[in-house]
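**Q** First to last, the sequence lines map onto chains A and B.
Going by the numbering used here, the first residue of the first sequence is number 1, and it counts up by one from there.
Going by the numbering used here, the first residue of the second sequence is number 1001, and it counts up by one from there.
Protein chains: 2
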Amino acid sequence: MITGKNYIGNLLSSIGKVNFKTFNPQTNLENTVVYSEASTIEIEKAIELAEEAFQEFKNISGIRKSEFLNEIANEIEALGNKLIETYCSETGLPQDRAIGERGRTIFQLRSFANLVKEGSWVEASIDTADLNRQPIPKVDIRKMLVPLGPVVVFGASNFPLAYSTAGGDTAAALAVGCPVIVKSHPMHAGTGELVASAIIKAAEKTNMPNGVFSNLNSSGIEVGITLVKHPKVKAVGFTGSIRGGRALYDMAAQRPEPIPVFAEMGSVNPVIILPNATKNKGMEWAKIYAGSITMGSGQFCTNPGLILGIKGDGLTHFIKNLSEEIVKIEPTCMLHPNIIGAYETNKAKMQTQKGLQTTATIEKEILKNYGRQVITTVEGDTFLNNTALHQEVFGPFSMVVQCENTEQLEEIISKLEGQLTGTILAENDELKNYTQIVSALQNRVGRIIFNGVPTGVEVCPAMVHGGPYPASTDSRFTAVGINSIKRWVRPFSYQSWPNELLPDELKNENPLRISRFVDSVQTQKALNKS
Amino acid sequence: MITGKNYIGNLLSSIGKVNFKTFNPQTNLENTVVYSEASTIEIEKAIELAEEAFQEFKNISGIRKSEFLNEIANEIEALGNKLIETYCSETGLPQDRAIGERGRTIFQLRSFANLVKEGSWVEASIDTADLNRQPIPKVDIRKMLVPLGPVVVFGASNFPLAYSTAGGDTAAALAVGCPVIVKSHPMHAGTGELVASAIIKAAEKTNMPNGVFSNLNSSGIEVGITLVKHPKVKAVGFTGSIRGGRALYDMAAQRPEPIPVFAEMGSVNPVIILPNATKNKGMEWAKIYAGSITMGSGQFCTNPGLILGIKGDGLTHFIKNLSEEIVKIEPTCMLHPNIIGAYETNKAKMQTQKGLQTTATIEKEILKNYGRQVITTVEGDTFLNNTALHQEVFGPFSMVVQCENTEQLEEIISKLEGQLTGTILAENDELKNYTQIVSALQNRVGRIIFNGVPTGVEVCPAMVHGGPYPASTDSRFTAVGINSIKRWVRPFSYQSWPNELLPDELKNENPLRISRFVDSVQTQKALNKS
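See below:
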């Protein structure tokens, strides 16, 4: 069932000379299937097909695109247990997680299907003509959102389904009419191929143009570089490390024609625990955060890697409780020897920073490729003066900073890099006394949470998953929720265009019955003409 | 009344050592006021004030911001004739143009005032909690657009009012709550100072924080570079040349924290004249286009610099007619000796390209600093094989390309760089036979026009002023119309936030009565809780 080949449009292909295998971190053994890395010829062919497909795909109706997206969801469901088994064998993640992530992926696909079936997402806007206007007549102008062109999506190591092959980036791009070329993640190439096969089946069943989707295997960085630099590629989606995301962003910005790269990158997700919360609910929060820090072995971009509090007995107790709670949790398997290697290196580097004290770690022997959780603590002054302490350690690691006072807490927040999330733990009446802290935190993050944990990203219209750099390369967009489509579209105006040749979204009679902004009024009505 | 000083927040300042004067191209003489270029200290101070002001300004209500914007409009009106005289003395443009542009600038300010007074522009989106959801409860998430932070706006040489000091970029940024630092254009520093004085007066009258606006004089590139590289600057708006815009974009992309630059740059605005239009209306279009090409001495970003037709008698007659019509028009003054110098150089460079034939030019003696209009023509093959012919000549210059056939016309369109506009001149029944041409043109432009001219950009919600690179650095935004605010905002989510501490836009009771997306329904109603 898994061939190890690339999908170049609808065809399986393996003419390249570089091969690789995936790895099972639970068994500590390579998996058996041999994957063929996409060659230059295959990359070129995939892009050419995508560009040709775009000319047709950009004009395909919302109803047909919704059929395509729903059929992808159906075909992913039809993969059944094979998909779950492959996922687990390539990630070391438990079956429940695989099933949950599949559910989320399918939910995303169906959400975008509903969005484009309804059709109002194009933000149609119509300003009718006024030929009697003085001193010059007013022309008829009509605007809607149109797709950018072929989009490249990079699979994410920690979300083989929801942020990879048919994940949020791909679903959003296909929904708006952009063909997608996926650079499959080498750690879960089998999961990728299975999902790609579902997309290709769906494309064939719903008569989408060949090239609307391709899936390219790669073990190194060359395939990604070739894709991002190609003049026919018009946008890039990426979820991963700051180093990787920034490299792609730089490459795209330096092209003769720069293209947008939406990279959702590292984040330490600062959590501010206010004095009354440590005092009254310190124990409770310690338990909850021990769970959040170790969830998925800390391999989430929203993992709480930094906890900021104000020095005192309350915070001291909180650190003690958190340290006691976290060692009660059984370590779990990490995604890959590379990931655990990087975790160990970065953790060790952090632990050698002057002034950092480790308050909890797992001492006992654990299975190979399992991640040992760690809690550390440091003084506010030390943290402020050493930006090495501000960096993310991807894995089950967190650091509690003991600030001298509120002013120092505010200073630390204002000096943090951009983050996906910021959390405030406070007693109900306490928050209103910390408006400066909230304001400073808002400047640094995309989402702010009250009395909760940052892990767990709800897929809903009001979600922002993104934030000031380096949380993402462009804080003006979210990677999660229906508004994530805005990364892949541009507004386009028709001036004085004949009604019968306008797209349905902009015709006088409003055949799609979508909501439009007509002469500055939002309405589903047809225009009073023709 | 004009001091030659910078506005560093509310204070006039001139501690720098570099001075310069503006120039009157009509009299061919320098104007008398001496301008003081902003020093490093003044730039730093302006940015610091902007960052401080942002902490207050970001939370100021829409009603107060609308009062500020309307007051700016009032104060600009109150400048009266002094502004018009200064404008004319610094640009060589006629009084009517100055008055028209002032009207447009005031209209823009009042449009943004209305937008933020009403308040729904924040795109409030609320997903309420569902504590009973299985397997995990759903949290309450609420999203709205928030300002990015201090924005730098570069004044444009060809629009001293509408795209400069209090122009569209500034008005949009102030509307959403971003302080603005203007790098004033050296050619119209006096007009800039007058408008800046109006903004400062309005800021003081409406109690806006000091630093919400600064105006920096500059004669070279250093002030702009310092601004774009400064870590506290969060976005940049620019209208001008490809070289200038790209340099700023590169600088911003290479910062440790990259920031968005919206640069609206060159465009040749291709016009496609279809066979029946040349045959039946060639004479009419020739007259209209002679006017469009020479309007404002061709100094518009939407100037039609390229006309594409299919070889034949119709096109030959059109070229003849256009050439005859254009020489009937009296040349007008260009903005500055530098601009006319560049025009002459680029025109001459173009005219030495192999295969390019000049069919019309002004031979007679004309006034110093006036621009001689030129029509040229070239074969389709020649144009395809020489990208030097694709470049913009900023001024009253246009080139007619004689394509072999429809296929070549399509190929040429697909090989053009990105453009602000594309125009199709056709007889009514003709257009539907050229869907491939329309489709190819759509891929290259931000706005497509039927039987009209690209010059004249209506300020309305449905307008797109922008387009694929290099028309703009990011085709996902427009520089004109109310949606231009989207360049300066980012979405921001509150999770499980206490209702009384939410901004009014997101409170249960919807005190502002704005339109919101609540549990996937657009509504102005309050939430059924609390």
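All C-beta atoms, glycine included, are put in the ideal place defined by N, C-alpha and C.
Tell whether a beta-carbon distance below 8 angstroms holds between C1403/B and K1311/B.
**A** For C1403/B and K1311/B, yes; Cβs fall inside 8 angstroms.
**Q** Report the residue from G245/A, G149/A, N207/A and L194/A whose alpha carbon sits nearest the alpha carbon of I181/A.
**A** Ranking the options by Cα distance to I181/A, first place goes to G149/A.
**Q** Does any C-beta atom of chain B lie closer than 8 angstroms to the C-beta of I272/A?
**A** False, the Cβ-Cβ gap to chain B never drops below 8 angstroms.
**Q** Using a Cβ-Cβ distance under 8 angstroms, would D1127/B count as near chain A?
**A** Answer yes: the Cβ-Cβ gap between D1127/B and chain A drops below 8 angstroms somewhere.
**Q** Within the continuous alpha helix (DSSP H) that includes S1125/B, where are the two ends?
**A** Where S1125/B is concerned, there is no enclosing alpha helix (DSSP H), although the beta strand (DSSP E) it sits in stretches over S1125 to D1127.
**Q** Which whole-angstrom value is the C-beta distance of I375/A and I448/A, which I expect to be below 8 angstroms?
**A** In fact, because the Cβ distance is near 24 angstroms, the residues do not count as touching under 8 angstroms.
**Q** Helix, strand or coil, according to DSSP, for D474/A in the structure here?
**A** Three-state result, D474/A: coil.
**Q** Compute the Euclidean distance between the alpha carbons of L1069/B and R1110/B, then round it to the nearest angstrom.
**A** Whole-angstrom Cα-Cα distance: 7 angstroms.
**Q** If the criterion is Cβ atoms closer than 8 angstroms, does the pair S414/A and A388/A meet it?
**A** Contact flag unset, no.
**Q** Which runs of the beta strand (DSSP E) at least 3 residues long sit entirely within the segment 1424-1491 of chain B? Give them in chain order.
**A** DSSP runs (the beta strand (DSSP E)) wholly in the segment 1424-1491 of chain B: 1445-1450.
**Q** Report the rounded CA-to-CA distance for D1429/B versus N1276/B, giving the unit in angstroms.
**A** Approximately 9 angstroms, taken between the alpha carbons.
**Q** Does the segment 1046-1056 of chain B come close enough to the segment 1110-1130 of chain B to have 3 or more Cβ pairs within less than 8 angstroms?
**A** Counting Cβ pairs under 8 angstroms, fewer than three are found: no touch.
**Q** Using a Cβ cut-off of 8 angstroms (strictly closer), state whether T473/A contacts chain B.
**A** Closer than 8 angstroms: yes.
**Q** Mind listing which residues of the segment 1142-1167 of chain B have their C-beta closer than 8 angstroms to chain A's C-betas, in chain order?
**A** Result list: R1142, K1143, V1146, L1148 and G1149.
**Q** With distances taken from CA atoms, which of L425/A, P258/A and E264/A is nearest R243/A?
**A** The candidate whose alpha carbon is nearest that of R243/A is E264/A.
**Q** Counting beta carbon pairs with one atom in the segment 1023-1031 of chain B and one in the segment 1325-1339 of chain B, are three or more of them shorter than 8 angstroms?
**A** At 8 angstroms Cβ cutoff, the stretches touch.
**Q** So which of A203/A, T128/A, Y434/A and T91/A has the shortest CA-CA distance to I424/A?
**A** Of A203/A, T128/A, Y434/A and T91/A, the residue nearest in Cα terms is Y434/A.
**Q** So, is A1078/B buried or exposed, given that buried needs 16 or more other C-beta atoms within 10 angstroms?
**A** Exposed, since its Cβ has fewer than 16 Cβ neighbours within 10 Å.
**Q** Grab me the residues of T170/A's own chain with a C-beta within less than 6 angstroms of its C-beta, minus the 5 sequence neighbours each way, in chain order.
**A** Cβ neighbours of T170/A beyond the five flanking positions: V153 and V180.
**Q** Could you tell me whether the Cβ atoms of D519/A and D127/A are closer together than 8 angstroms?
**A** Yes. Within cutoff.
**Q** If we cut at 8 angstroms on Cβ distances, does E1458/B have a partner in chain A?
**A** Chain A contact via Cβ: present.
**Q** Determine the chain A residues that contact S1292/B at a beta-carbon separation under 7 angstroms, and present them in chain order.
**A** Chain A residues near S1292/B: none, gap ~13 angstroms exceeds 7 angstroms.
**Q** Compute the Euclidean distance between the alpha carbons of L11/A and I199/A, then round it to the nearest angstrom.
**A** So the alpha carbons of these two residues sit roughly 12 angstroms apart.
**Q** Per DSSP, what kind of secondary structure is C178/A in: helix, strand or coil?
**A** In this structure, C178/A counts as coil in the three-state DSSP scheme.
**Q** Please give me, in chain order, every unbroken run of the alpha helix (DSSP H) with length at least 4 that falls completely inside the segment 372-414 of chain A.
**A** You should have 380-384.
**Q** Just tell me which of I41/A, P454/A, A73/A and I221/A has its CA closest to the CA of S197/A.
**A** Cα-wise, what sits closest to S197/A is A73/A.
**Q** Apply the 10 Å Cβ neighbour rule to D96/A and answer buried if 16 or more other Cβ atoms are within range, or exposed otherwise.
**A** By the neighbour-count rule (16 or more Cβ atoms within 10 Å), D96/A is not buried but exposed.
**Q** What does V464/A touch in chain B if you count any residue whose Cβ is under 7 angstroms from its own?
**A** Per Cβ cutoff of 7 angstroms: K1143, P1491, F1492 and S1493.
**Q** Taking 8 angstroms as the threshold, find out whether the segment 129-136 of chain A comes into contact with the segment 159-175 of chain A through three or more Cβ pairs.
**A** Counting Cβ pairs under 8 angstroms, fewer than three are found: no touch.
**Q** Is the distance from the Cβ of I1141/B to the Cβ of M350/A below 8 angstroms?
**A** No, these two residues do not count as a Cβ contact at 8 angstroms.
**Q** So with Cβ pairs under 8 angstroms, would you call T1105/B a contact of chain A?
**A** No, T1105/B lies away from the interface with chain A (no Cβ there is under 8 angstroms from its Cβ).
**Q** If you run the structure through DSSP and keep just helix, strand and coil, what is V1034/B?
**A** It is coil, neither helix nor strand.
**Q** Are the CB atoms of I329/A and I273/A within a distance shorter than 8 angstroms?
**A** No, they are not a contact pair.
**Q** Looking only at DSSP bridge pairs, what is A1252/B linked to?
**A** None; A1252/B has no bridge partner.
**Q** At 9 angstroms on the CB atoms, spell out the chain A contacts of F1450/B, in chain order.
**A** Ordered by position in chain A, the residues that pass the 9 angstroms Cβ test against F1450/B are Y494, Q495, S496, W497, P498 and L501.
**Q** What do you reckon, are the CB atoms on V1438/B and T1421/B nearer than 8 angstroms?
**A** Not closer than 8 angstroms, so no.
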